Amino acid sequence: MEWQRAFHLVRLHLDAGLPLPTSPGDVVRQDEDLGRWVRSVRLGWDQLTTVQQWMCEQVLGIEPAREDEKPKPRRTQADKWAMNYQAAKQFYEREGHLQVPRKHVERVVVGEDQEERELKLGAWIGNQRSRAATLSPERVEQLSAIGMRWA
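Okay, structure coming up:
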């Protein structure tokens, strides 16, 4: 119902000869932010039904968002752990130990886009030590393999 209502309001807006609102806050009609709706339709194109996609393209002239317009997916906790592990491994290979100062920040290159990130490795190592009892055996084994001292 909400989708149909917003679709109808955008259609009325276009029928009045006005341009398609594309940014949140551009046009608000009957408490509906049409720009926000258009943006959400473009970004969520794959979640629309085939009929909704057709209606948006043919009736409203809305096209799906290009890849460069889509927000980067959020990193999962597993992704974050893997990045920090990569930083720990890098530190170990360079220094020969994991006695990382608490405030140490390690620079690593991650992902397909080779993005450089600064990770608070010292704090992460300390947290892993204090959580040793709750870490999975695989993670304990990975860290032990690169010289982690647990006490």
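Residue numbers for the sequence shown follow numbering that gives the first Met the number 0, beginning at 0 and rising by one. Just so it is clear, CB atoms sit at the ideal spot from N, CA and C, and this is done for glycine as well. Model, not experiment: these values are computed from the prediction.
From the options, pick the residue whose C-alpha is nearest to that of residue i; which is it?
i: R41; options: Q29, V26, P20, E31; result: P20
So, helix, strand or coil for residue i, using DSSP?
i: L8; result: helix
Between which two residues does the alpha helix (DSSP H) containing residue i stretch?
i: L120; result: 120–129
i: D25; result: Careful: D25 lies outside any alpha helix (DSSP H) and carries neither H nor E.
i: P136; result: 136–144
i: T75; result: Run containing T75: none; DSSP gives neither H nor E here.
Counting only the same chain and skipping the five closest in sequence on each side, list residues whose C-beta sits under 7 Å from that of residue i.
i: G121; result: V99, P100, R101, K102, H103
i: L134; result: Q127
i: V37; result: V9, L19, P20, T21, I61
Roughly how many angstroms separate the alpha carbons of residue i and residue j, rounded to a whole number?
i: S143; j: Q46; result: 43 Å
i: T48; j: H96; result: 54 Å
i: K79; j: A15; result: 49 Å
i: A131; j: F6; result: 53 Å
Residue i lies in the beta strand (DSSP E); which residues open and close that run?
i: E105; result: 105–109
Using a Cβ-based criterion (distance less than 7 Å to any ligand heavy atom), does residue i qualify as near the ligand COA?
i: G110; result: The ligand COA is not part of this structure, which contains no ligands at all.
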